[in-house]
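Engineer:
In the numbering used here, the protein residues as written are 78 to 291.
#1: Helix, strand or coil, according to DSSP, for residue 282 in the structure here?
#2: Check whether the stretch 180 to 197 and the stretch 230 to 250 are in contact - that is, three or more C-beta pairs closer than 8 Å.
#3: With a threshold of 8 Å, are at least 3 pairs of Cβ atoms found where one atom belongs to the stretch 143 to 159 and the other to the stretch 270 to 279?
#4: By Cβ distance, which residues of its chain are closer than 8 Å to residue 193, with the 5 residues on each side in sequence left out?
#5: Which residues in the same chain have their Cβ closer than 7 Å to the Cβ of residue 102, if we skip the five residues on either side of it in sequence?
#6: Please report how far the alpha carbon of residue 247 lies from the alpha carbon of residue 258, in whole angstroms.
#7: Helix or strand or just coil, what does DSSP make of residue 106?
#8: Residue 207 lies in the beta strand (DSSP E); which residues open and close that run?
#9: Which whole-angstrom value describes the C-beta separation of residue 111 and residue 285, a residue pair presumed to lie in contact below a C-beta threshold of 8 Å?
#10: Should residue 250 go down as buried or exposed, given a rule of 16 or more other Cβ atoms within 10 Å for buried?
#11: Give me, in chain order, the residues of the same chain whose beta-carbon lies closer than 8 Å to that of residue 281; leave out the 5 immediate sequence neighbours on both sides.
#12: Among 109, 154, 172, whose alpha-carbon lies nearest the alpha-carbon of residue 116?
#13: Give me the residue from 216, 260, 261, 262 with the minimum Cα distance to residue 243.
#14: Cα separation between residue 264 and residue 168?
#15: Any heavy atom of the ligand GDP closer than 7 Å to the Cβ of residue 151?
#16: So what does DSSP say about residue 229, is it helix, strand or coil?
#17: To the nearest angstrom, how far is it from the Cα of residue 255 to the Cα of residue 122?
#18: What residues in its chain sit with their C-beta under 6 Å from that of residue 170, if we drop five residues either side in the sequence?
#19: Just how far apart, CA to CA, sit residue 84 and residue 283?
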């Protein structure tokens with residue numbers, strides 16, 4: 078089931094899965110390249126779903142559409158400015174490779190591809206700035222540490238592209254992008270993964286505030 082806004086609010090309000098917001102003393106997420114595998118709007122309108130649940134491709138599928146391989150991750154949080162004010166109606170996009178290291182992109186497939194993984198998702202923050210995605214725990218891509226690309230748009234700040242990383246991942250120190258970030262910037266892009274409750278449909282939960290410049 079695609080994550081709903083009401084479900085998002087309940088998940089983020091639960092003490093078992095809530096994480097404290099980091100310090101918001103910095104200008105915002107560090108800007109990064111979109112990389113070679115950002116799916117264009119024209120291509121994804123023909124080839125992809127783009128809702129907030131990346132673990133299930135429902136285009137032209139019945140209700141029993143297969144689910145993505147990998148360890149499922151509920152990723153949620155708030156879009157806020159550097160003063161901690163919630164940003165309502167921000168468009169948030171994420172994209173990442175599947176468990177085989179393949180991106181859903183015309184040039185992104187390796188010899189194996191998980192066709193049940195959407196690869197790209199989009200949602201908007203609500204009046205409290207909250208957003209939520211269901212995806213998979215990112216995996217190693219050749220030459221890169223596990224990461225999730227993220228892009229945000231809103232009239233208040235324009236457009237911002239960055240990446241999110243798994244906090245404590247051993248490969249981070251060897252990643253050419255992550256290793257170039259300052260400690261303050263890493264604090265803004267690290268995702269702390271926690272094991273989901275036993276009765277959950279996912280394996281991991283992460284709450285990541287997305288801080289944007291004024």
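Ideal Cβ positions, reconstructed from N, Cα and C, are used throughout, including at glycine. All values reported here derive from a predicted model rather than from experimental measurement.
Structural biologist: On the basis of the data shown:
#1: strand
#2: no
#3: yes
#4: Result list for residue 193: 132, 133, 134, 142, 143, 144, 145, 146, in chain order.
#5: At residue 102 the pLDDT is 41, less than 50, meaning the model places this residue with poor confidence and gives no usable figure here.
#6: Residue 258 has its alpha-carbon roughly 16 Å from the corresponding atom of residue 247.
#7: coil
#8: 207 to 213
#9: Wrong, their Cβ atoms sit about 19 Å apart, outside the cutoff.
#10: Per the 10 Å Cβ criterion, exposed.
#11: 148, 149, 150, 151, 214, 270, 271, 272, 273, listed in sequence order.
#12: 172
#13: Out of 216, 260, 261, 262, the CA that lies nearest to the CA of residue 243 is found in 216.
#14: 22 Å
#15: The ligand GDP is not among the ligands present in this structure, which contains no ligands whatsoever.
#16: In the structure shown, residue 229 sits in a strand (DSSP, three-state: E or B).
#17: 31 Å
#18: Once the five neighbours on either side are set aside, the close Cβ partners of residue 170 are 199, 228.
#19: With a pLDDT of only 38 at residue 84, under 50, the local geometry of the prediction cannot be trusted, and no value is derived from it.
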